[in-house]
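S.K.:
Numbering (this note's numbering), first residue to last: 174 to 350.
#1: Just curious, the alpha helix (DSSP H) that residue 298 is in, first and last residue?
#2: Quick one: grab the DSSP three-state call for residue 138.
#3: Check the C-beta distance from residue 279 over to residue 240 and give it rounded, since I have them as a contact under 8 angstroms.
#4: I'd like to know if the segment 220–236 and the segment 310–326 are in contact, where contact means that at least 3 CB-CB pairs between them fall below 8 angstroms.
#5: Report yes or no: do the segment 213–226 and the segment 266–285 share at least 3 C-beta pairs separated by less than 8 angstroms?
#6: By DSSP, does residue 258 sit in helix, in strand, or in coil?
#7: Can you tell me where the alpha helix (DSSP H) with residue 307 in it begins and where it stops?
#8: Tell me the DSSP secondary structure of residue 280 in three-state form.
#9: In the structure shown, what three-state DSSP assignment does residue 192 receive?
#10: Is it buried or exposed, residue 259, if we count other Cβ atoms within 10 angstroms and call 16 or more buried?
#11: Just to confirm before moving on: does the CB-CB distance between residue 293 and residue 257 stay below 7 angstroms?
#12: Roughly how many whole angstroms lie between the Cα atoms of residue 210 and residue 333?
#13: In the DSSP assignment, the alpha helix (DSSP H) including residue 209 goes from what residue to what residue?
#14: Helix, strand or coil, according to DSSP, for residue 171 in the structure here?
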């Protein structure tokens, strides 16, 4: 969908502004586009080969049937992984895991999904590669010549993420359990 509108805008620019489509393509941040596309391919591959089911089974074999422990580990695992994997494909991949865990325990699916939602969306703020917006923003900052490192981003992102996740984690536990 995004590619369609991107190419449509290049076409409109060519027709009305008489500019070259190739010039527009040269301005794209190809490194970011390829990185994001690769993330989605890897996540889908993990799902296809059956690692989702294996992960859910292993997760349950470790934590047992304790609802609070399942919820807590699910949220904070999501926070950690989303710091390094784009949150959209991660969230989409983890929905079946939440369904499997919910169906095999007494924990509500809503609790797991909301925990996954806060964990994956807020966890994406830890690093510059945790969310699409971070990747794009970090690329733009570097393109403008600012010297910023991965660790510089984490120094800001980690405290913010902790401050946002903890109250949401507690609130969701009391509302949805």
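Ideal placement from N, C-alpha and C gives every residue a C-beta, glycine not left out.
M.R.: Here's the rundown:
#1: As a first step, residue 298 must be located in the chain shown, where it is residue number 125. Residue 298 -> no alpha helix (DSSP H), and no H or E assigned at all.
#2: Nothing about residue 138 can be reported from this structure: the residues present for the chain run from 174 to 350 only.
#3: Counting from 1 along the chain shown, the entry for residue 279 is found at position 106. Counting from 1 along the chain shown, the entry for residue 240 is found at position 67. The Cβ separation is near 6 angstroms, so the contact holds.
#4: no
#5: yes
#6: Here residue 258 is taken as the residue at index 85 of the chain shown, counted from 1. Looking at residue 258 - three-state DSSP - the assignment turns out to be coil, as it is neither helix nor strand.
#7: In the chain shown, residue 307 corresponds to position 134, counting from 1. 305–316 is the extent of the alpha helix (DSSP H) around residue 307.
#8: Within the chain shown, numbered from 1, the residue matching residue 280 stands at position 107. Three-state result, residue 280: coil.
#9: Sequence index remark: in the chain shown, residue 192 carries index 19 (1-based). Residue 192: coil per DSSP, three-state reduction.
#10: As a first step, residue 259 is located in the chain shown; it is residue number 86 there, counting from the start. Answer is buried; the Cβ neighbour count reaches 16.
#11: In the chain shown, the residue the question calls residue 293 occupies position 120. In the chain shown, the residue the question calls residue 257 occupies position 84. Against a cut-off of 7 angstroms, the Cβ pair of residue 257 and residue 293 comes out as no contact.
#12: Sequence index remark: in the chain shown, residue 210 carries index 37 (1-based). Sequence index remark: in the chain shown, residue 333 carries index 160 (1-based). Distance between the alpha carbons of residue 210 and residue 333: 27 angstroms.
#13: For the purposes of this step, residue 209 is identified with residue 36 of the chain shown, where counting begins at 1. Per DSSP, residue 209 belongs to the alpha helix (DSSP H) from 203–221.
#14: Residue 171 lies beyond the stretch modelled for the chain, which goes from 174 to 350, so this question has no answer here.
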